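Presented below is the structure to which this report refers.
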Amino acid sequence: MEKQLVSRKTDFPAQLVQFNRFLRSRGFINGPGEEVDALQALAGSIPENGEAFRSLLAGVWVKNKDQHFLFPTLFQEYWGQLDKAENSKINQQEEEKKQPKKQQAPSLQELKNWLYNGRQQTEEEEIAAYSGVEVFTQKDFSAFGQEDVEEIVRIIRQFARWLSRQQRRRWTKTNRQRQIDLGRSIRKNLSRNSQLDYFLWRQPKPGRQKITLLCDVSKSMDLYARFLIQFMYAFHRVSTEMETFVFTTSLTRISSALSNREFGDSLEELHTIVPSWSGGTNIGRSFAQFREDYGCRHLGKETTVMILSDGWDQGDEDLLDEQMHFLQKSSRRIIWVNPLAGRPGYSPQTIGMKTAMPYVDYFTSAHNVTTLVDMVRWMK
Amino acid sequence: MKELESIAKELLAEGYIADRQICMTLHLSRLLQKPILLEGPAGVGKTEIAKILAAQQRAELIRLQCYEGLDANQAIYEWNYQRQLLYLKMSEQDGQSIEEKEANIFSRDFLLERPLLRAITGDAPKVLLIDELDRADEEFESFLLEILSDWQISIPEIGTLKATTIPPVVITSNRTRELSDALRRRCLYLWIDYPTEEKEVAIIRSRLPGLDQRLASEIGAFMAAVRQQRLDKTPGIAETLDWATTLAALHIDHLDKDIVEDTLGVILKDWKDVRTTQDSLSELFDKTGIISKVG
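Next up, the structure:
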């Protein structure tokens, strides 16, 4: 495919279009409109050398900071290869066909089969290797008494109440007597001989901050299960703008199980609806599933994505990177809660954690009251 | 390219030292009539480009400072309600029909023109600066898309107002949030970074021609070294110029540790940064090759 993207064309516009296709394959977003722009710019002023030509194309086609730094390399790569390339006819349609097919998300049943047929063994073995770390943190959490849990719930409640009180700086119509909406009132009273007899009202639009919680419930997170469930439950009890998902190798939405229920009932239902509780971890694939099934509904610029995971990942690193990039792009901010981080001297060493860190806006352990308060303060 | 050279010269005449890519983008923006989207760290002269552009074209600079909750009423137009009420009161006895009254109070006399409307109407040349667009919300951004691509604004009571002239538009962003791809595609993108040492020295010299030449190069070298440190708020060109002005006002012709320590507050705006820099002052002096009288 690489070679097909770089080949000598007989006329210049076609060559330019091919270069744009090459750029698109590297994440640039330019379409035919921008190709026309480039041709127009070239018609208006002919660059005297290669550098001016590059600078002109960069001016038209670069659309963000990453591309700004990437463009010179790609320019060199393409035009360098072109110099070596022989004239060849490319079958465009064939190239089209070679576009990677969209990967179909595996069904839950398939995942279950995959999980329980053979693979489970290896996952457990791999996870057993992490036991040293687990024992260490277990001590932290044994000191984690009921009072602490209650305190955490209290803080989360306070935060959620603050969240629901948030107002935006835009206005919306209301029937309640708030602030006079002068524009609408004048219109309404036009027929009443300039007397303002009836007032129409407006009030600040309510805030739309939402939280999407993605919680890792794989084997390595077992130790914190009680804490995690308390955490999710506390958030859910007090906030309606909240969606919760749990994941191991696949993802399950558990919002309905947590809302408006007694804690015991919630727990019971959770165990029946989550198919792979305490399984292995594939963070990238779970996030990809989230993106496919729920992304457009539960992401947006008002949404804070909170991920609870220790970052032990057995999945594909590149996939995780891609998904984290997507999450970052389509949410307000990403908070990563890693109970392991409460350990003194912790630094994110796991591959999953290292991959995800560049995309995370706030990283915390939230394992005690201080860190939780810090997090809440940061979110405000 | 001749065009680029002439743009560089024009900008230099206004005291702005532009590199090749800046000139190219300005040239393309003229040629393709597209807005320029400027991104980069704070204080590298993003807003300055719009000001210089306006000065150079002898055009009025219309600035729209974005903030959270900015909406059409503040950005495009609003009806002057107080005036409408007064008019209605005064014309009580005139015997006008409701339709007549409506036509009168929703005419251009009662329209308050906000920056975007002002920028596209009228004959005088204008430059529109939409500053810190990342501070406004996405609703406003989508709103802007329509204006930037069609160059018209529709006011229900009056009708559609088409732009009499398409002004050069400069949009700046400090990247506190990512702007949408749709907006990016309508603009020419330009990333402005901290200047190289040579460029910074040239900027200092062009802005403060009276400054001692050796001091100017010392300032340039020191600033380059300071920016290599891990700082919370890396100083921009604005700070460099402030500092150079300060040093000139103090009649100083050579940097030494005491002077730097005393005036550090001009370039660093965070106490942690000040402390980090104070701690590594000797190192910075070594790096820049400035021989300190004291150290």
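Just so you know, the sequences run in chain order A and B.
Convert by adding 408 to the 1-based position in the first sequence; the result is the number in this note's numbering.
Convert by adding 711 to the 1-based position in the second sequence; the result is the number in this note's numbering.
Every residue gets a Cβ at the ideal spot worked out from N, C-alpha and C, and that includes glycine.
This one's a predicted model, so the numbers in the text were calculated from it and none came from an experiment.
8 Å Cβ shell around residue i - same chain, five flanking residues per side excluded
{"i": "Arg741 (chain B)", "result": "Pro879"}
{"i": "Glu771 (chain B)", "result": "Ala765, Ala835, Pro836, Lys837, Val838"}
{"i": "Ala874 (chain B)", "result": "Ile831, Thr832, Trp862, Gln863"}
{"i": "Asp904 (chain B)", "result": "Gly751, Pro752, Val755"}
{"i": "Gln507 (chain A)", "result": "For Gln507 (chain A), the predicted structure reports a pLDDT of 46, less than 50, and the residue's modelled location is therefore unreliable. The matter cannot be settled from this model."}
Cβ-heavy atom distance, residue i to the ligand COA, below 7 Å
{"i": "Leu839 (chain B)", "result": "Here there are no bound small molecules, and the ligand COA is not part of this structure."}
Contacts that residue i makes with chain A (C-beta to C-beta distance below 8 Å)
{"i": "Tyr788 (chain B)", "result": "Near Tyr788 (chain B) there are no residues of chain A at all, since even the closest Cβ is about 12 Å away, more than 8 Å."}
{"i": "Gln795 (chain B)", "result": "Ile594"}
{"i": "Asp892 (chain B)", "result": "Ile437, Lys471"}
{"i": "Glu750 (chain B)", "result": "Asn472, Lys473"}
{"i": "Glu849 (chain B)", "result": "Lys709"}
Local Cβ density within 10 Å of residue i, reported as buried at 16 or more and exposed below that
{"i": "Leu728 (chain A)", "result": "buried"}
{"i": "Tyr848 (chain B)", "result": "What sits at residue 848 (chain B) in the sequence shown is Asp, not Tyr. Asp848 (chain B) comes out buried."}
{"i": "Gly760 (chain A)", "result": "buried"}
{"i": "Trp720 (chain A)", "result": "buried"}
{"i": "Met934 (chain B)", "result": "buried"}
{"i": "Asp474 (chain A)", "result": "exposed"}
{"i": "Val790 (chain A)", "result": "This structure leaves residue 790 (chain A) out entirely; chain A is present only between 409 and 788."}
{"i": "Trp786 (chain A)", "result": "exposed"}
{"i": "Asn457 (chain A)", "result": "exposed"}
{"i": "Pro480 (chain A)", "result": "exposed"}
{"i": "Cys704 (chain A)", "result": "exposed"}
{"i": "Asp984 (chain B)", "result": "buried"}
{"i": "Met640 (chain A)", "result": "buried"}
{"i": "Trp982 (chain B)", "result": "exposed"}
{"i": "Pro752 (chain A)", "result": "exposed"}
{"i": "Gly947 (chain B)", "result": "buried"}
{"i": "Glu950 (chain B)", "result": "buried"}
{"i": "Asn583 (chain A)", "result": "exposed"}
{"i": "Met765 (chain A)", "result": "exposed"}
{"i": "Phe671 (chain A)", "result": "exposed"}
{"i": "Gln924 (chain B)", "result": "exposed"}
9 Å Cβ cut-off: residues of chain A touching residue i
{"i": "Lys720 (chain B)", "result": "Correct list: empty, because the minimum Cβ distance to chain A is about 16 Å."}
{"i": "Arg731 (chain B)", "result": "Glu459, Ala460, Ser463"}
{"i": "Asp782 (chain B)", "result": "Arg577, Arg578, Trp579"}
{"i": "Glu716 (chain B)", "result": "Correct list: empty, because the minimum Cβ distance to chain A is about 11 Å."}
Chain B residues whose Cβ lies nearer than 7 Å to that of residue i
{"i": "Val468 (chain A)", "result": "Leu739, Leu899"}
{"i": "Asn472 (chain A)", "result": "Arg895, Tyr900"}
{"i": "Arg429 (chain A)", "result": "Simply none; closest approach about 17 Å."}
{"i": "Asp445 (chain A)", "result": "Leu743"}
Cβ shell of residue i (< 6 Å), same chain only, five flanking positions each side left out
{"i": "Val682 (chain A)", "result": "Val654, Thr660"}
{"i": "Phe427 (chain A)", "result": "Tyr486"}
{"i": "Ser738 (chain A)", "result": "Leu707"}
{"i": "Tyr778 (chain B)", "result": "Arg846"}
{"i": "Leu450 (chain A)", "result": "none"}
{"i": "Val977 (chain B)", "result": "Asp953, Trp954, Thr957"}
{"i": "Thr887 (chain B)", "result": "Asp845"}
According to DSSP, residues forming a beta bridge with residue i
{"i": "Gly870 (chain B)", "result": "B:Ile866"}
{"i": "Ile747 (chain B)", "result": "B:Val881, B:Leu899"}
{"i": "Tyr788 (chain B)", "result": "B:Glu824"}
{"i": "Trp609 (chain A)", "result": "A:Thr582, A:Ile588"}
Amino acids of chain B, ordered along the chain, whose beta-carbon sits closer than 8 Å to that of residue i
{"i": "Ser599 (chain A)", "result": "Ile809"}
{"i": "Gln448 (chain A)", "result": "Leu742, Leu743"}
Identity of the residue in the options nearest residue i by Cα
{"i": "Gln603 (chain A)", "options": "B:Cys734, B:Met801, B:Ile869", "result": "B:Met801"}
{"i": "Thr736 (chain B)", "options": "A:Arg462, A:Gln423, A:Val425", "result": "A:Arg462"}
{"i": "Ser593 (chain A)", "options": "A:Tyr702, A:Tyr606, A:Lys762, A:Ser599", "result": "A:Tyr606"}
{"i": "Leu622 (chain A)", "options": "A:Ile742, A:Lys471, A:Gly439, A:Leu424", "result": "A:Ile742"}
{"i": "Ala568 (chain A)", "options": "A:Gly615, A:Thr582, A:Glu459", "result": "A:Gly615"}
{"i": "Glu716 (chain B)", "options": "A:Pro455, A:Ala446, A:Asn438, A:Ala422", "result": "A:Pro455"}
{"i": "Phe817 (chain B)", "options": "B:Gly870, B:Ile948, B:Gly780", "result": "B:Gly870"}
{"i": "Lys596 (chain A)", "options": "A:Asp769, A:Gln587, A:Gln585, A:Trp609", "result": "A:Trp609"}
{"i": "Arg896 (chain B)", "options": "B:Glu852, B:Leu922, B:Gln768, B:Val912", "result": "B:Glu852"}
{"i": "Asp997 (chain B)", "options": "B:Ala936, B:Leu958, B:Leu952, B:Ala955", "result": "B:Ala936"}
{"i": "Ser667 (chain A)", "options": "A:Arg645, A:Gln484, A:Lys581, A:Trp570", "result": "A:Arg645"}
{"i": "Leu716 (chain A)", "options": "A:Ser626, A:Glu676, A:Val468", "result": "A:Ser626"}
Own chain partners of residue i with C-beta closer than 7 Å, once the 5 adjacent residues on each side are dropped
{"i": "Arg573 (chain A)", "result": "none"}
{"i": "Val470 (chain A)", "result": "His476, Phe479"}
Partner residues on chain B for residue i, Cβ-Cβ distance less than 9 Å
{"i": "Leu590 (chain A)", "result": "Trp790, Tyr792, Gln793, Gln795, Leu796"}
{"i": "Gln489 (chain A)", "result": "The contacting residues do not exist; Gln489 (chain A) stays about 24 Å from chain B at best."}
Under 7 Å from the C-beta of residue i: neighbouring residues of chain A
{"i": "Met712 (chain B)", "result": "Ser453, Pro455, Glu456, Ala460"}
{"i": "Thr736 (chain B)", "result": "Gly467"}
{"i": "Lys812 (chain B)", "result": "Leu598"}
{"i": "Leu779 (chain B)", "result": "Just to set this straight, residue 779 (chain B) is Glu in the shown sequence, not Leu. Those are Arg577, listed as they occur along chain A."}
With 9 Å as the limit, tell me which residues of the stretch 753-766 of chain A have their beta carbon closer than that to any beta carbon of chain D; keep them in chain order. No chain D appears in the structure shown, which is made up of the protein chains A and B.
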